[in-house]
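Have a look at the structure below before the remarks.
Residue numbers (our numbering): 21 to 218.
Okay, structure coming up:
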């Protein structure tokens, strides 16, 4: 954006600049995630100011300053729920236009849960063919949410695979995980199989 915080949108003929709705004394921010939802809205994660939503006309901050953290992943699941992890803050989601705090809801239901188990460090999110939602973490491996509980998985019990930067669903519905040093793995039952070493 030429004059401060914002983004450029190509409308088919030219670039149009859209100003961020942010008053930042640092004078900058970076887009770190994006998602286009089923209604055509674009959700943008930032490294300084949480999540923004662009409806084709205006760009709005979705979260208050208290809620906003680093947003490295945004995901719409099959039910239309938009997941908004905020690193160092709480895991949030948007459903029927309302923002919900997943972390607080989960801890109320499962009070023994540790804060670090609440997906706030999610780097990537995808949903499998069974409807389970997978969260790749910046350390800590993976979490799988079945709609009721979360389960932490350390691929092959190998700490070197604790970083997951990418989860991709292929045309067959398989989930492929970018783990550790950058290799691609597929989860087969309890085993994560590295593609280039099968």
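For every residue, glycine included, the Cβ atom is placed at its ideal position computed from N, Cα and C.
All values derive from a computational prediction rather than experimental measurement.
The beta strand (DSSP E) that contains residue 123, what's its start and end? No beta strand (DSSP E) holds residue 123; the alpha helix (DSSP H) holding it covers 122-129.
Counting along the chain, where does the beta strand (DSSP E) carrying residue 53 start and finish? 51-56
Could you check the C-alpha separation between residue 68 and residue 106 for me, to the nearest Å? 10 Å
Whole angstroms are fine: how far does the CA of residue 95 sit from the CA of residue 102? 6 Å
Tell me whether residue 177 sits in a helix, a strand or coil according to DSSP, three-state version. helix
Between residue 219 and residue 115, what straight-line distance do the alpha-carbon atoms span, to the nearest angstrom? This structure leaves residue 219 out entirely; the chain is present only between 21 and 218.
Give me the DSSP bridge partner(s) of residue 86. Looking at the DSSP assignment, residue 86 forms no beta bridge with any residue, so it has no partner.
With H, G and I counted as helix, E and B as strand and the rest as coil, what does DSSP make of residue 73? strand
How would you call residue 211, buried or exposed, if buried means at least 16 neighbouring beta carbons within 10 angstroms? exposed
Contact under 8 Å by Cβ, residue 143 with residue 156: yes
Flag this pair as yes or no: are the beta carbons of residue 71 and residue 91 separated by less than 8 Å? yes
Starting from residue 163, follow the beta strand (DSSP E) in both directions and report where the run begins and ends. 162-165
Using three-state DSSP, classify residue 217 as helix, strand or coil. helix
Buried or exposed, going by whether 16 or more other CB atoms sit within 10 Å of the CB of residue 109? buried
Near residue 171, which residues of its chain fall below 6 Å by C-beta distance, leaving aside the five closest residues on each side in sequence? 164
According to DSSP, simplified to helix, strand and coil, what is residue 106? coil
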